[in-house]
Amino acid sequence: VVYEEEGVFIHSSCGKNDDQDSLIAGTLRVIEKENEVVVDWRPLDETLDTSNILCAGKDSSSVVEWTQTPKEKCSRGADRPSSYEAEWDMVTTVSFKKKPHSNGDAATHANGESKWSFLFSLTDLKSIKQNKEGMGWSYLVFCLKDDVKLPALHFHHGDSKSLIKCIEKHVALNESPHDERVLLVKTQKSLSQSFENLFDEPSYGLLQKWKKDPYVVTMGKFSKVTNYIVGSLRSSDPSNQRRPPSEMADFLNDTIPGLKINQQEEPGFEVITRIDLGKQPEVSRREPVSAEEWAKNMDSEGRILDVDYIKRQIFKGGLCHTLRKEAWKFLLGYFPWNSTKEERANLQKRKTDEYFRMKLQWKSVSEEQEKRNSRLRDYRSLIEKDVNRTDRTNKFYEGEDNPGLILLHDILMTYCMYDFDLGYVQGMSDLLSPVLYVMENEVDAFWCFVSYMDQMHQNFEEQMQGMKTQLIQLSHLLRLLDSGFCSYLESQDSGYLYFCFRWLLIRFKREFSFQDILRLWEVMWTELPCQNFHLLLCCAILESEKQQIMDKHYGFNEILKHINELSMKIDVEYILCKAEAISMQMMNCKELPQTVSEILGIENSSVTPDSDTGEDESGAELSCPTSLYQSISTPVIAANGTRDGAQQTAETQSLTPA
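Each residue of the sequence shown is one higher than the one before, starting from 452 at the first, in this note's numbering.
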């Protein structure tokens, strides 16, 4: 409970001049649930009876009565499990409807329950009207998204400002241009609109909850909405019958334009038939790169001697923690690989000045200015909301007034000045948190985050093109790896791989422990052994879970629930080994489909300009990746940490700064 106020009254006879108001005293609460925030008003000493809660049916107008008549109670779906609890993310809207009463009994039903109690999620709030009575107290009227108005709440013993402040921590409110008494809920722009584009308005109401609050559904636990989603997928008419599989495939295909997975019949896409990839090789990992090993690979001016070598070692073992603060700056492109120590110091000075100039821009905005800048207000509101729930169990961010939280907030606000078009989108705090934890420095963390966001930018853009592309690419890779498993997923309406969405959106941040994410990210940032290695990590996780999913005949609900429950249970070293083995399998395949070659970034490595045209049976068409693995497995290192030709390699193949 984040807000509680007693003595909040409903005037039950408001609007009737010939009838004196009947005052109903109650308690108003704002409650933070796991994945949503709820406003709850009820008469004093009343308790919630969850049996009175209805769920929105597919044919309803998205309005559900809080109080039911006996006749309405029997209309509840017969297919709903008996153990079903009141999960409010299943409910589109809860509305209040006043029931007739007699003998002035405005407060209770015959069964003792109030007909005035109501509860709604802030995701369903459309506006708040504020006003004052002549007696001096204030009152509020909540209007929900279906234009249903709840009864006015009168604050006899105080004003409503603290409630408004509490609500503003969770949703952005703007004053209506037509009526200064009305506060309108500002809809979240980037990510919500991105999902609107990803899931265009379907014919049969598919995944409406995802469209309404994509952050909560995507970042939260998928299991809480599986009943809702599968009901939408499989209920397209009043008889609640399942559509034939062929129709379901067309239905899903039409629902999400631009996201065409399993496109064997689409022009421009090649048919991937069964290809024998051979046995997955055994792969081992090494110890993390030590500070001593790193130092040995630097010359007297602080320049990295062999970039390829050091990146291979990081890929195979990661970094010891003391080295991360320095090495991550190179991996993320903040420091050029071929820079000297002096050049890096000068770069940091320039970047420090640039950072604080941008920080001053938002710091110097007055309250009056901010009132006229709705986008900045929205960004600030979202950032404050997200910062307060990002990695709070980590000692670096736990507790109140934590300096880590202040830095997290300031860096995200400054990023809005750096890229005002994108601004802040929910999920970006997840990407910054580990970077700030490692850097322990505001300026360095900001510029490393900027470089990371350059890689991840498309994930958060309104068109969501990055997410569409990755889901399609993942489907191609998984089909090549195991077409039987892909067919099984399709048979369970899961071929679109929605359950991987959170993995891709924030690079597995919610799937592994905090320390494991540090290891996983630094391995991915080496950009080895191929392009899109993170998609092979997805394949590795899914292949590891394939047996259980298929042996236990998991359906749509069970697959979502199972994938969600893998969070914090995945062995990062095992998955890294498995993903590397899959990449070796694919790179050594002589019949690799062109689509897959392009996804892995090896389409141009088949033949060198002076080589034969593929006569060599030793795998010359993939000579670059093969030699890469040979060098990873058996590096030849001189005593000083360099190899023959290392200097030339570092100059010609160094990572360009972002």
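Virtual Cβ for every residue (Gly too), placed ideally from N, Cα, C. All values derive from a computational prediction rather than experimental measurement.
What residue does the alpha helix (DSSP H) around residue i start on, and which one ends it?
i: F965; result: 965-976
i: L948; result: Element bounds for L948: n/a, residue is neither H nor E.
i: H422; result: This structure does not reach residue 422, given that the chain is present from 452 up to 1109, and the question cannot be answered.
i: W788; result: Note, W788: premise wrong, no alpha helix (DSSP H); not H, not E.
i: V838; result: 825-838
i: F936; result: 934-942
i: V889; result: 879-890
i: E849; result: Taken as a continuous stretch (DSSP letters only), E849 belongs to no alpha helix (DSSP H), as it is neither H nor E.
i: L614; result: 612-619
i: S1048; result: 1045-1051
i: P854; result: 854-869
i: K822; result: 818-822
If we ignore side chains and look at the alpha-carbon of each, how far apart do residue i and residue j end up?
i: N1039; j: G874; result: 43 Å
i: A991; j: K1029; result: 6 Å
i: L931; j: K919; result: 19 Å
i: E1068; j: K762; result: In this prediction, E1068 scores a pLDDT of 37, lower than 50, which makes its location untrustworthy; the coordinate-derived value is nonetheless stated afterwards. Going from the Cα of E1068 to the Cα of K762 covers about 30 Å.
i: Y848; j: R840; result: 9 Å
i: L756; j: C771; result: 20 Å
i: A796; j: C989; result: 38 Å
i: E805; j: W813; result: 14 Å
i: E962; j: Y949; result: 15 Å
i: I461; j: Y590; result: 10 Å
i: L883; j: Y785; result: 15 Å
i: T977; j: R736; result: 15 Å
i: L601; j: D1022; result: 49 Å
i: V838; j: I923; result: 32 Å
i: V734; j: E1031; result: 7 Å
i: L928; j: F593; result: 49 Å
i: K822; j: M907; result: 31 Å
i: F936; j: M1001; result: 8 Å
i: I579; j: L833; result: 19 Å
i: W745; j: L859; result: 29 Å
i: Y655; j: Y1005; result: With a pLDDT of only 30 at Y655, under the threshold of 50, the placement of this residue in the model should not be trusted; the figure read from the coordinates follows. Cα to Cα, Y655 sits roughly 24 Å from Y1005.
i: V459; j: G609; result: 9 Å
i: E483; j: F571; result: 12 Å
i: W972; j: S964; result: 12 Å
i: Q799; j: F766; result: 26 Å
i: Q581; j: V816; result: 27 Å
Bridge partners of residue i, per DSSP?
i: T478; result: E457, R493
i: C594; result: S578, K600
i: E483; result: V488
i: V740; result: L770
i: A623; result: K637
i: H462; result: L474
Buried or exposed: residue i, going by 16 or more other Cβ atoms within 10 Å of its Cβ?
i: V453; result: exposed
i: P810; result: Here residue 810 turns out to be Lys, not Pro, going by the sequence shown. K810 comes out buried.
i: I857; result: exposed
i: M879; result: buried
i: P708; result: Residue confidence is low: P708 scores 42 on pLDDT, short of 50, so the model does not pin down where it sits. Its coordinate-derived value is still stated next. Exposed.
i: D575; result: buried
i: Q998; result: exposed
i: Q1045; result: exposed
i: S938; result: exposed
i: P494; result: buried
i: A896; result: buried
i: D630; result: exposed
i: E851; result: exposed
i: D842; result: buried
For residue i, which of helix, strand or coil comes out of DSSP?
i: V599; result: coil
i: C1040; result: coil
i: L770; result: strand
i: L756; result: coil
i: P696; result: Its pLDDT being 41, under 50, P696 is placed unreliably in this model, and the value from its coordinates should be taken loosely. In this structure, P696 counts as helix in the three-state DSSP scheme.
i: M1019; result: coil
i: M749; result: strand
i: H927; result: helix
i: H1004; result: coil
i: S512; result: Any answer about S512 is weak, because its pLDDT of 32 lies below 50 and its placement is not dependable; what the coordinates show is given next. Residue state, collapsed to three classes: coil.
i: L798; result: helix
i: F810; result: For the record, residue 810 in the displayed sequence is Lys; it is not Phe. In this structure, K810 counts as helix in the three-state DSSP scheme.
i: M915; result: coil
i: K1029; result: helix
i: T803; result: helix
Could you spell out where the beta strand (DSSP E) holding residue i opens and where it closes?
i: S572; result: 569-572
i: E631; result: Note, E631: premise wrong, no beta strand (DSSP E); not H, not E.
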